[in-house]
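Since the structure comes first, as structure tokens, the remarks are kept for the end.
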Amino acid sequence: MSGLRRRLRAALRRESAGDADYRRAEGYLQGAGRPHDPAMAAHWLERAAAHGHAAAQHRLSMLYLSGAKGTAPAAGWLAEAAGGTGAALANARLLYPRGIDVDRDPARAFAWASKAAAQGLACAAANLGMLYARGIGCEQDFAAAAEWYRRAADAGDAAGALGLGLLHENGLGVAKDRAAAARWYEGAAAEGNDMAATALALLQLDGTEQPPNPAEAARLLAGPAARGNAFAQHRLGLLYAEGLGVPRDLARARLWLGRAARQGHAGAAAGLAQLETELATAPRTA
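Written out as structure tokens, the structure reads:
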């Protein structure tokens, strides 16, 4: 029993150390009580991850996936030092050997996602599925993507359900099955995933296996569009422009297309330009 107690105490010490390092890293990432310093955050996350802290491993994966620029007060000084004299640069490297930024590193993102997912963390499994699906930090493997998406979805993760729906809709790594795709989208949308609600709406408009239902599509798009999803705004704008599923309303079409276009949605920008041209050339009624 004494040996078991020693192992349990050691495991608790490791967990406690990992939690403390993880909280310290979050402070640097959020700029909460500490300067916003992603490089220092990565340092503490690496320490926590080495203790087997699954959330730290996932956070590291996401950090290396996108990279991060530090906004601590030292950021401006470090930028000036980089373009200044050799002495200034040497001093900067002495004070901030890691800098304060984290560069994108797909291989590290994949490695840490694999570790976190292997511990059963659902959001990490969904992230790993996405990495396999896109071939980020690894060879593209849709079958592996489906496996990890399913693990995440079975654990209730909406991003995993969305990913699995996309694979079923397109027949990537799994059998092409639009009914299964719709079920996964519905589950993810019920959890508040706006991309899943938008994908489900597009299935309602497709009409490949069942008659199109633009009214249901408009209903599904309304929430994500109001919450700022550019893809939903674009499609909802087109429905209003064409009078499909909703009364034709060019003012609302302009509103939704404009909001999507301001977010950089190219299709919405083209649709808005076409709508403005039509409005400008339409005959005026007395």
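In the working numbering, the protein residues as written are 3 to 288. Just so you know, even glycine gets a beta-carbon here, dropped at the ideal spot from N, CA and C.
In terms of residues, what are the limits of the alpha helix (DSSP H) holding leucine 169? For this step, residue 169 is matched to residue 167 along the sequence shown. That run of the alpha helix (DSSP H) goes 160-172.
Count the other CB atoms within 10 Å of the CB of leucine 277; is the residue buried (16 or more) or exposed (fewer)? By 1-based counting over the sequence shown, the position of residue 277 is 275. Answer is buried; the Cβ neighbour count reaches 16.
Going by other Cβ atoms of all chains shown within 10 Å of its Cβ, with 16 needed for buried, is glutamate 171 buried or exposed? Counting from one through the sequence shown, the residue named residue 171 turns up at place 169. Its Cβ being crowded by 16 or more others within 10 Å, glutamate 171 is buried.
Buried or exposed: which applies to lysine 117, given that a residue is buried once 16 or more other Cβ atoms fall within 10 Å of its Cβ? Locating residue 117 in the sequence shown gives position 115, where the first residue counts as 1. Counting every other CB atom within 10 Å of its CB across the protein chains shown gives lysine 117 a total of 16 or more, marking it as buried.
Distance check for alanine 253 and alanine 92, CA to CA, integer angstroms please. Taking the sequence shown and counting its residues from 1, the one referred to as residue 92 is at position 90. Taking the sequence shown and counting its residues from 1, the one referred to as residue 253 is at position 251. Residue confidence for alanine 92 is low, a pLDDT of 48 falling below 50, so the modelled location carries little weight; the figure read from the coordinates is stated next. Near 59 Å, if we compare the C-alpha coordinates of alanine 253 and alanine 92.
Mapping the DSSP letters down to three states, classify alanine 157 as helix, strand or coil. Mapped onto the sequence shown, residue 157 falls at position 155. Collapsing the DSSP output to three states places alanine 157 in coil.
Per DSSP, what kind of secondary structure is alanine 70 in: helix, strand or coil? Along the sequence shown, one-based indexing puts residue 70 at 68. Three-state DSSP puts alanine 70 in a strand.
Going by DSSP, name the residue or residues bridged to valine 104. By 1-based counting over the sequence shown, the position of residue 104 is 102. The partner list for valine 104 (beta bridge, DSSP) reads Ala70.
Could you check what DSSP says for proline 40 in three-state terms: helix, strand or coil? One-based indexing of the sequence shown puts residue 40 at position 38. Correct three-state label for proline 40: helix.
Between the Cα of tryptophan 186 and the Cα atoms of Ala160, His38, Gln235, which residue gives the shortest distance? To locate residue 186, count along the sequence shown from 1; it is residue 184. Comparing Cα positions, the closest option is Ala160.
Are asparagine 129 and alanine 115 touching if we call contact CB-CB under 8 Å? For the purposes of this step, residue 129 is taken as the residue at position 127 of the sequence shown. For the purposes of this step, residue 115 is taken as the residue at position 113 of the sequence shown. At a Cβ-Cβ threshold of 8 Å, asparagine 129 and alanine 115 count as neighbours.
Whole runs of the alpha helix (DSSP H) within the stretch 171-243, excluding any shorter than 4 residues: Runs of alpha helix (DSSP H) with 4 or more residues, each lying fully within the stretch 171-243, are found at 180-192, 196-208, 216-228, listed in chain order.
Could you give the residue range of the alpha helix (DSSP H) that holds glycine 35? Counted from its first residue, the sequence shown places residue 35 at position 33. Element bounds for glycine 35: n/a, residue is neither H nor E.
Buried or exposed: which applies to serine 63, given that a residue is buried once 16 or more other Cβ atoms fall within 10 Å of its Cβ? Here residue 63 corresponds to residue number 61 of the sequence shown, with the count starting at 1. Around the C-beta of serine 63, 16 or more other C-beta atoms lie within 10 Å, and the residue is accordingly described as buried.
Ignore the nearest five residues each way along the sequence and tell me which others in alanine 271's own chain have a CB closer than 6 Å to its CB. Sequence index remark: in the sequence shown, residue 271 carries index 269 (1-based). Cβ within range, chain order: Ala263.
Nearest-angstrom Cβ-Cβ length linking histidine 53 and glycine 20, presumed shorter than 8 Å: Within the sequence shown, residue 53 is the residue found at index 51, counting from 1. Within the sequence shown, residue 20 is the residue found at index 18, counting from 1. Indeed they touch by this definition, with Cβ atoms about 4 Å apart.
Considering Cα atoms alone, identify which of Gln121, Ala43, Pro226, Arg256 is closest to glutamate 280. As a first step, residue 280 must be located in the sequence shown, where it is residue number 278. It is Arg256 whose Cα lies nearest to the Cα of glutamate 280.
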